């Protein structure tokens, strides 16, 4: 319980927009963690699509932010949770090295996998403290989308029935609605966010209807469309 409270205090300090009452060091931790997360999600997207050069530029920014995060953490007054943060930083350094080596070899997919593992560690660190923001919710769309993609593939192969697709589509739709509810007002009102989140939510409903009608081709088209929505949401808001 004490460890959870300590982690909650640290992560809240990293997520708060106004850091009054926190030390300058904790403000630095917050700024550098957010900077690293932004660069990591962009680098992952570029790596996944084979844009190795752009991925390397973003990864360089992420490494710079991570180095600053490490130094800020050493100065932070949250000494009680230093072990957890130090472990996260060490893991991050290893993953960044793996991603850098993969990009140097021209392997965008391997780099994206290393970056995804680091992002998972970051979101797990936040989740352990019970803190969930829009970015955490959007990051969590990927495994739900994977379940829907598998259901669509099995449906096309005759190995799953319409109910499996409907269930997976419903799970994705509910997750999208949760993400929409977590969006701060300035993001929730953005035309781009509304287009992506509302479009994905509608398609997550329609894929189930297509499955009930036995239209495997339409199910496949919705699955591709939904994957694009999820990728774009992660690129912009993950």
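Residue numbers (our numbering): 44 to 281. Backbone N, C-alpha and C define an ideal beta-carbon position, used for all residues, glycine too. In this text, all values refer to a predicted model and were calculated from it rather than measured experimentally.
Review point. How about residue 118 and residue 75: are their beta carbons less than 7 Å apart?
Key: Translated into positions along the chain shown, residue 118 becomes position 75. Translated into positions along the chain shown, residue 75 becomes position 32. No Cβ-Cβ contact shorter than 7 Å links residue 118 with residue 75.
Check your understanding: Count the other CB atoms within 10 Å of the CB of residue 138; is the residue buried (16 or more) or exposed (fewer)?
Key -> Taking the first residue of the chain shown as position 1, residue 138 is located at position 95. Counting of Cβ neighbours within 10 angstroms places residue 138 among the buried residues, the total reaching 16 or more.
Practice item. Apply the 10 Å Cβ neighbour rule to residue 277 and answer buried if 16 or more other Cβ atoms are within range, or exposed otherwise. Key: To locate residue 277, count along the chain shown from 1; it is residue 234. With 16 or more other Cβ atoms within 10 Å, it is buried.
Exercise for review: Can you say whether residue 220 is buried or exposed, counting buried as having 16 or more other CB atoms within 10 angstroms of its CB?
Suggested key: Walking along the chain shown from the start, residue 220 turns up at place 177. With fewer than 16 neighbouring CB atoms inside 10 Å of its own CB, residue 220 falls in the exposed class.
Review point. If residue 178 sits next to residue 242, beta carbons under 8 Å apart, how far is it from one beta carbon to the other, in whole angstroms?
Key: Numbered from its first residue, the chain shown carries residue 178 at position 135. Numbered from its first residue, the chain shown carries residue 242 at position 199. Not really, about 20 Å apart at Cβ, beyond 8 Å.
Exercise for review: Flag this pair as yes or no: are the beta carbons of residue 145 and residue 153 separated by less than 7 Å?
Suggested key: Taking the first residue of the chain shown as 1, we reach residue 145 at position 102. Taking the first residue of the chain shown as 1, we reach residue 153 at position 110. It is a contact, given that the beta carbons lie within the stated cut-off.
Review point. Which residues bound the alpha helix (DSSP H) around residue 232?
Key: Indexing the chain shown from 1 puts residue 232 at position 189. Per DSSP, residue 232 lies in no alpha helix (DSSP H) and is assigned neither H nor E.
Practice item. Report the three-state DSSP secondary structure of residue 245 (helix, strand or coil). Key: Stepping through the chain shown from its first residue, residue 245 is reached at position 202. The three-state secondary structure of residue 245, taken from DSSP, is helix.
**Study point:** First and last residue of the uninterrupted alpha helix (DSSP H) at residue 107
**Key:** Counting from 1 along the chain shown, the entry for residue 107 is found at position 64. Residue 107: member of the alpha helix (DSSP H) spanning 95 to 118, first to last residue.
**Study point:** Segment limits, alpha helix (DSSP H) that includes residue 151
**Key:** Counting from one through the chain shown, the residue named residue 151 turns up at place 108. Looking at the DSSP string, the run of the alpha helix (DSSP H) that includes residue 151 is 151 to 171.
**Study point:** Proximity of residue 198 and residue 239 at Cβ, strictly below 7 Å
**Key:** Working through the chain shown from its first residue, we reach residue 198 at position 155. Working through the chain shown from its first residue, we reach residue 239 at position 196. Against a cut-off of 7 Å, the Cβ pair of residue 239 and residue 198 comes out as no contact.
Review point. Between residue 232 and residue 165, what straight-line distance do the alpha-carbon atoms span, to the nearest angstrom?
Key: Here residue 232 refers to the residue found at position 189 of the chain shown. Here residue 165 refers to the residue found at position 122 of the chain shown. Approximately 27 Å, taken between the alpha carbons.
Review point. Which two residues bound the contiguous alpha helix (DSSP H) that contains residue 281?
Key: Position 238 of the chain shown holds residue 281. Careful: residue 281 lies outside any alpha helix (DSSP H) and carries neither H nor E.
Check your understanding: Do three or more CB pairs link the region 222 to 236 to the region 189 to 209 at distances below 8 Å?
Key -> Taking 8 Å as the limit for Cβ pairs, the verdict is that the region 189 to 209 does not touch the region 222 to 236.
Check your understanding: Roughly how many angstroms separate the alpha carbons of residue 102 and residue 162, rounded to a whole number?
Key -> Residue numbering aside, residue 102 sits at position 59 when the chain shown is read from its first letter. Residue numbering aside, residue 162 sits at position 119 when the chain shown is read from its first letter. Residue 102 and residue 162 have their C-alpha atoms roughly 13 Å apart.
**Study point:** Residues near residue 90 by beta carbon distance below 6 Å, same chain, minus five either side
**Key:** Numbered from its first residue, the chain shown carries residue 90 at position 47. Annotation for residue 90: 98, 151, 154 and 155 place their beta carbon closer than 6 Å to its own, counting only its chain and skipping 5 residues before and after.
Check your understanding: Skipping 5 residues on each side, what residues in its chain have a beta carbon closer than 6 Å to that of residue 158?
Key -> Start at 1 with the first residue of the chain shown, and residue 158 comes out as number 115. When the five nearest sequence neighbours on each side are left out, the beta carbons in the same chain lying within less than 6 Å of the beta carbon of residue 158 are those of 83, 86, 87 and 142, in order along the chain.
Check your understanding: Among residues of its own chain, excluding the 5 on either side of residue 135, which ones have a beta-carbon nearer than 6 Å to its beta-carbon?
Key -> Your numbering for residue 135 matches position 92 in the chain shown. For residue 135, where only same-chain residues beyond five positions count, the Cβ hits under 6 Å are 109 and 161.
Practice item. Please determine, among 182, 245 and 263, the residue with the shortest C-alpha to C-alpha distance to residue 205. Key: As a position in the chain shown, residue 205 is number 162, starting the count at 1. It is 263 whose Cα lies nearest to the Cα of residue 205.
Check your understanding: Which of the three DSSP states, helix, strand or coil, is assigned to residue 213?
Key -> The residue given as residue 213 occupies position 170 in the chain shown. Of the three classes helix, strand and coil, the one that applies to residue 213 here is helix, per DSSP.
Review point. Does the distance from the CB of residue 247 to the CB of residue 215 come in under 7 Å?
Key: Position 204 of the chain shown, counting from 1, holds the residue named residue 247. Position 172 of the chain shown, counting from 1, holds the residue named residue 215. In terms of Cβ geometry, residue 247 and residue 215 form a close pair [threshold 7 Å].
Review point. Helix or strand or just coil, what does DSSP make of residue 260?
Key: Residue numbering aside, residue 260 sits at position 217 when the chain shown is read from its first letter. Assignment of residue 260 by DSSP, reduced to helix, strand and coil, places it in the helix class.
Practice item. Quick one: residues in its chain with C-beta nearer than 7 Å to the C-beta of residue 149, no 5 flanking neighbours on either side, listed in chain order? Key: Position 106 of the chain shown, counted from the start, is the residue given in the question as residue 149. Cβ neighbours of residue 149 beyond the five flanking positions: 95.
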